[in-house]
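A short worksheet on the structure shown next.
The following block contains the structure:
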């Protein structure tokens, strides 16, 4: 008889434990349901030369983020047409990778990059 009571109590305790865990969402699931918001930044599009002689487009006098200058990246190909215009861009921001030549040369600027997903011209001239 004692063995029957012990087995019944153990089974009940296990059933309660399983039902409690089944009702709580897993932490990884909760994180997947809400993607990180992508910031919207505004500023002036300017053209700059890279250290290897190439051309980069920057968002200067930026507002809405933690920096005042961002490198414009992503799939936009017509940045040249937007130079000296005020734009709003939306996209994920990536900080520059670790130590670089910028640490050795104060003339080298390494701002964060915006992976631009959308862009809207809000003024035909920069302020």
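Numbering (my numbering), first residue to last: 1 to 127. Virtual Cβ for every residue (Gly too), placed ideally from N, Cα, C. Predicted model, so just to flag it, every value in this text is computed and none were measured.
C-alpha gap between residue i and residue j, whole angstroms
{"i": "residue 112", "j": "residue 60", "result": "12 Å"}
{"i": "residue 109", "j": "residue 37", "result": "26 Å"}
{"i": "residue 120", "j": "residue 82", "result": "10 Å"}
{"i": "residue 49", "j": "residue 78", "result": "17 Å"}
{"i": "residue 117", "j": "residue 126", "result": "21 Å"}
{"i": "residue 57", "j": "residue 64", "result": "18 Å"}
{"i": "residue 89", "j": "residue 55", "result": "19 Å"}
{"i": "residue 66", "j": "residue 91", "result": "14 Å"}
{"i": "residue 94", "j": "residue 40", "result": "14 Å"}
{"i": "residue 107", "j": "residue 69", "result": "15 Å"}
As assigned by DSSP and simplified to three states, the class of residue i
{"i": "residue 125", "result": "coil"}
{"i": "residue 97", "result": "coil"}
{"i": "residue 56", "result": "strand"}
{"i": "residue 107", "result": "coil"}
{"i": "residue 82", "result": "helix"}
Other residues of its chain near residue i: CB distance less than 6 Å, five sequence neighbours each side excluded
{"i": "residue 86", "result": "44, 122, 123 and 126"}
{"i": "residue 84", "result": "126"}
{"i": "residue 97", "result": "none"}
Close beta carbons around residue i, own chain, < 7 Å, minus the five adjacent residues each side
{"i": "residue 76", "result": "116 and 119"}
{"i": "residue 73", "result": "113, 114, 115 and 116"}
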